[in-house]
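Chains U and Y supply the protein sequences, listed in that same order. Convert by adding 211 to the 1-based position in the first sequence; the result is the number in the working numbering. Convert by adding 897 to the 1-based position in the second sequence; the result is the number in the working numbering. Backbone N, C-alpha and C define an ideal beta-carbon position, used for all residues, glycine too.
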Amino acid sequence: MVKFLKPNKAVIVLQGRYAGRKAVIIKSFDEGTRDRPYGQCLVAGIKKYPSKVIKKDSAKKTAKKSRVKCFIKLVNYQHLMPTRYTLDVDLKDVVSVDALQSKEKKVAAAKETKARFEERFKTGKNRWFFTKLRF
Amino acid sequence: MVAAKKTKKTHESINSRLALVMKSGRYTLGYKTVLKSLRNSKGKLVIIANNCPPLRKSEIEYYAMLAKVGVHHYNGNNVDLGTACGKYFRVCCLSIMDPGDSDIIKSMPGDH
């Protein structure tokens, strides 16, 4: 009876090109929109997870290994698996539905989320979110 | 022996409560609609048959845990659950959104 598909919830994308990837809900549209009349949410997820960093790595190598590639997508609720984890990264100002309208806006939004994800990864918090789901 | 007798009595009471919900309340039958009802926080109680596939059972339980909704594991398979709902088809899981005149929601979560 509690709504759980709320912003900052970590979810796993189940279908499509990004199946198996973890994402975070930025905005949810319970009623849908006029051209997408189903429950959906705007998610920002990880396209390419950061690699495992070991103590032996040089600074240059750590920087290269800690790179995260992101995607932004509108996904149907049915194609998501919610988890009990949350990720509070403030992406509301960066990612919005009109960022998906044109290619350059999308690229700019993805670049900004990439920066925020990478700095969150470097602090070592939310480790579950940045590990690949094995299946 | 006493335990077996007790479960028979509570089993009948669940059946009678379910019949009352079917008559007077709102419910949905089936996996897809159960998940839908949990997502939009309309479901108040979820009942799962005992021969539900374990992956599906744990998925529904996880959703219900996130939504803070009680799950009742029905003492019977999907054929029995369908009959208990008064339907002529099998029902593996169902979600009760409005119990109507029944007290199934108040009495069930203590039972489980």
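Residue burial classification, residue i (beta-carbon count within 10 angstroms, cutoff 16)
i               : result
G243 of chain U : exposed
G967 of chain Y : buried
Y985 of chain Y : exposed
S955 of chain Y : exposed
T907 of chain Y : exposed
L932 of chain Y : buried
S269 of chain U : exposed
S913 of chain Y : exposed
Q251 of chain U : buried
V213 of chain U : exposed
L935 of chain Y : buried
L915 of chain Y : buried
R338 of chain U : exposed
F346 of chain U : exposed
P248 of chain U : exposed
T324 of chain U : buried
A326 of chain U : exposed
T904 of chain Y : exposed
L344 of chain U : exposed
S313 of chain U : exposed
L952 of chain Y : exposed
P261 of chain U : buried
D335 of chain U : It is worth fixing the name first, because residue 335 of chain U is Gly in this sequence and not Asp. With fewer than 16 other Cβ atoms within 10 Å, it is exposed.
V222 of chain U : buried
S999 of chain Y : buried
P950 of chain Y : exposed
A230 of chain U : exposed
A274 of chain U : exposed
K322 of chain U : exposed
Supposed close pair residue i, residue j - CB separation, criterion 8 Å
i               : j               : result
I237 of chain U : V306 of chain U : 5 Å
S938 of chain Y : A961 of chain Y : No, S938 of chain Y and A961 of chain Y are not in contact; Cβ-Cβ is about 11 Å, not under 8 Å.
V264 of chain U : V224 of chain U : Rounded, the Cβ-Cβ distance is 25 Å, inconsistent with contact.
V254 of chain U : V300 of chain U : The pair is not a contact, with the Cβ atoms about 12 Å apart (cut-off 8 Å).
K258 of chain U : K276 of chain U : Actually they are not in contact, since the Cβ atoms of K258 of chain U and K276 of chain U sit about 16 Å apart, beyond 8 Å.
R295 of chain U : G256 of chain U : The pair is not a contact, with the Cβ atoms about 17 Å apart (cut-off 8 Å).
L978 of chain Y : I944 of chain Y : 7 Å
G940 of chain Y : P996 of chain Y : The pair is not a contact, with the Cβ atoms about 11 Å apart (cut-off 8 Å).
R245 of chain U : E329 of chain U : Contact flag wrong, Cβ pair sits at about 36 Å.
Endpoints, the alpha helix (DSSP H) within which residue i is located
i               : result
L935 of chain Y : Y928 to R936
I957 of chain Y : P951 to A964
R338 of chain U : Unbroken run through R338 of chain U: none, as it is neither H nor E.
D977 of chain Y : N975 to A981
Start and end residues, beta strand (DSSP E) containing residue i
i               : result
K287 of chain U : It should be noted that the sequence gives Asn, not Lys, for residue 287 of chain U. Looking at the DSSP string, the run of the beta strand (DSSP E) that includes N287 of chain U is K280 to N287.
A255 of chain U : Q251 to K259
L942 of chain Y : L942 to I945
G967 of chain Y : G967 to H970
L291 of chain U : L291 to T297
L302 of chain U : That residue, L302 of chain U, is in no beta strand (DSSP E); it is neither H nor E in DSSP.
S277 of chain U : No beta strand (DSSP E) contains S277 of chain U, which DSSP labels as neither H nor E.
D995 of chain Y : C990 to D995
How do the segment 994–1006 of chain Y and the segment 970–985 of chain Y stand: do at least 3 beta-carbon pairs fall below 8 Å, yes or no? no
Please give the ranges of any alpha helix (DSSP H) in the segment 217–247 of chain U, keeping only runs that are unbroken, at least 4 residues long and fully inside the region. none
Inter-stretch contact at 8 Å, needing at least 3 Cβ pairs: the segment 986–995 of chain Y / the segment 921–937 of chain Y: yes
Three or more C-beta pairs closer than 8 Å, one from the segment 288–303 of chain U and one from the segment 213–231 of chain U: is that the case here? yes
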